[in-house]
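Notes follow the structure.
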Amino acid sequence: MFEELSLSITAICNQEDASRDEKMQTICDLLQSRVEHYDWVGFYFANHQTRTLHLGAFAGEPTDHTEIPFGKGICGQVAVSNQNFVVPDVKAQDNYIACSLTVKSEIVIPLFVNGVNIGQIDIDSHQLNPFSQEDVRFLEFVNTQVAKLFD
1 MFEELSLSIT AICNQEDASR DEKMQTICDL LQSRVEHYDW VGFYFANHQT RTLHLGAFAG
61 EPTDHTEIPF GKGICGQVAV SNQNFVVPDV KAQDNYIACS LTVKSEIVIP LFVNGVNIGQ
121 IDIDSHQLNP FSQEDVRFLE FVNTQVAKLF D
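The structure is reproduced here in structure tokens:
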């Protein structure tokens, strides 16, 4: 499944007749609709001056968390650590911002452009512990493709 999706992601990013925002929205919609355990997919972008993350394109239920301070929640922690963060059970995390009662797990992969963490892809799942190393590698690939949109 991820091999086929990787081809689709590359094709979306290479579209010449779509804006960056349109491409990112298409990616969110594709991932949320095609990967069974991706119930919410979104990109957050860093404002390093204010040390906040701001929600960009997303697919899934609307969220009140459109701005997240660095260090707060899983996304905020990734903004500081610059590391992947896989959370098999959000209830086990002290520093978790609940977006919905149905969210049981989360994965956040930082998005680097020219070595700078400009944001992240954030995935919520209604399943406990659904994320594997295959998800991590695939989402790192997605971010590598998305990063090219910012060059």
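Residue numbers (full-length UniProt numbering): 1 to 151. Quick reminder that beta carbons are idealized off the backbone N, C-alpha and C, glycines included.
Query, Result
"As a quick exercise: from Glu67, Asn47 and Cys28, pick the residue whose alpha carbon is nearest that of Ala57.", "Cys28"
"What ranges does the alpha helix (DSSP H) occupy inside the UniProt domain \"GAF\" (18–148), keeping only unbroken runs of at least 4 residues that lie completely in it?", "20–34, 73–81 and 133–147"
"Nearest by alpha-carbon distance to Val35: which of Leu139, Gly119 and Lys104 is it?", "Leu139"
"Using CA atoms only, rank isn't needed, just tell me which of Ser33, Gln25 and Ser132 is closest to Val86.", "Ser132"
"Taking the straight line between their C-alpha atoms, what separation do you get for Asp122 and Trp40?", "8 Å"
"Let me make sure I understand the geometry here. Which of Asp94, Asn117, Thr63 and Val146 has the alpha-carbon closest to that of Gly73?", "Asp94"
"Considering just the uninterrupted stretch of the alpha helix (DSSP H) at Phe2, what are its terminal residues?", "Phe2 to Cys13"
"Just to check, is the beta-carbon of Gln120 closer than 7 Å to a non-hydrogen atom of the ligand GTP?", "No copy of the ligand GTP appears in this structure; indeed no ligand is present at all."
"Please classify Val80: is it buried, with 16 or more other beta-carbons within 10 angstroms of its beta-carbon, or exposed?", "exposed"
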